Amino acid sequence: MTAPVHPAPATPGSRATAPIAVVLDHTTATALHDPHNPFHKAMEQLYDEASKGFGALYVPALCLTAADACHPGLLASINSRRFIQIEAFDTAVALTTTGIQYAGYSWAAIHAIHAARPSADFPTGRCLLTLTPELYEGTGVHAFHPDR
């Protein structure tokens, strides 16, 4: 796992602002990858902001696998982007996400739910950016649509 991004110290007369940590799911990863997607430009702008240090982007590996099944080459494309951190799907994550799947959530969404929930590195959780926020209702995560 990659260390979380922390803000730089404030200088006199400036306000310290923490970079936002954002989890992309299979729908927003697809939008970033596909130039014909109506949200591609918004996702590219978000990536540009992350490249300037204004945020950190995370994409769960299982979300990329789901997206790549419909859009071959997506996983390799996202993996090649320098300012995106791919969240590993290891045994500990598998054990947690199995419970989420048993609760009725799709396998395409379970790793994003896990990644957005509070953790030791992110005590308040991370924002989840998705084109389908209704998939995440009742999960306790903050799921946002890029257009809202």
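Residue numbers (the numbering used here): 33 to 180. All residues carry an ideal CB built from backbone N, CA and C; glycine is no exception. A quick note: this is a predicted structure, and the numbers were derived from the prediction, not measured.
Length-filtered (4 minimum) alpha helix (DSSP H) runs lying within the segment 78-150: Secondary structure within the segment 78-150: the alpha helix (DSSP H) runs of 4 or more consecutive residues, fully enclosed, are 93-102, 106-111, 123-134, 139-148 (chain order).
How about Ala144 and Leu127: do their beta carbons lie closer than 8 Å? Residue numbering aside, residue 144 sits at position 112 when the sequence shown is read from its first letter. Residue numbering aside, residue 127 sits at position 95 when the sequence shown is read from its first letter. Not a contact, by the Cβ cut-off of 8 Å.
What is the C-beta distance between Leu167 and His177, in whole angstroms, given that I count them as a contact (C-beta under 8 Å)? Here residue 167 refers to the residue found at position 135 of the sequence shown. Here residue 177 refers to the residue found at position 145 of the sequence shown. Going by Cβ atoms, the distance from Leu167 to His177 rounds to 11 Å, so no, they are not a contact pair.
Measure from the alpha carbon of Ala175 to the alpha carbon of each residue in Ala147, Ala152, Thr129, then state which is nearest. Position 143 of the sequence shown holds residue 175. Ala175 has its Cα closest to that of Ala147, out of Ala147, Ala152, Thr129.
Between Gly131 and Glu169, what straight-line distance do the alpha-carbon atoms span, to the nearest angstrom? Looking up residue 131 in the sequence shown gives position 99. Looking up residue 169 in the sequence shown gives position 137. Each residue's alpha carbon lies about 16 Å from the other.
Would you check if the distance between the CB atom of Phe115 and the CB atom of Ala82 is smaller than 8 Å? Here residue 115 refers to the residue found at position 83 of the sequence shown. Here residue 82 refers to the residue found at position 50 of the sequence shown. In this structure, Ala82 lies closer than 8 Å to Phe115 by Cβ.
From what residue to what residue does the alpha helix (DSSP H) around Leu64 run? Position 32 of the sequence shown, counted from the start, is the residue given in the question as residue 64. First-last of the alpha helix (DSSP H) with Leu64: 58-65.
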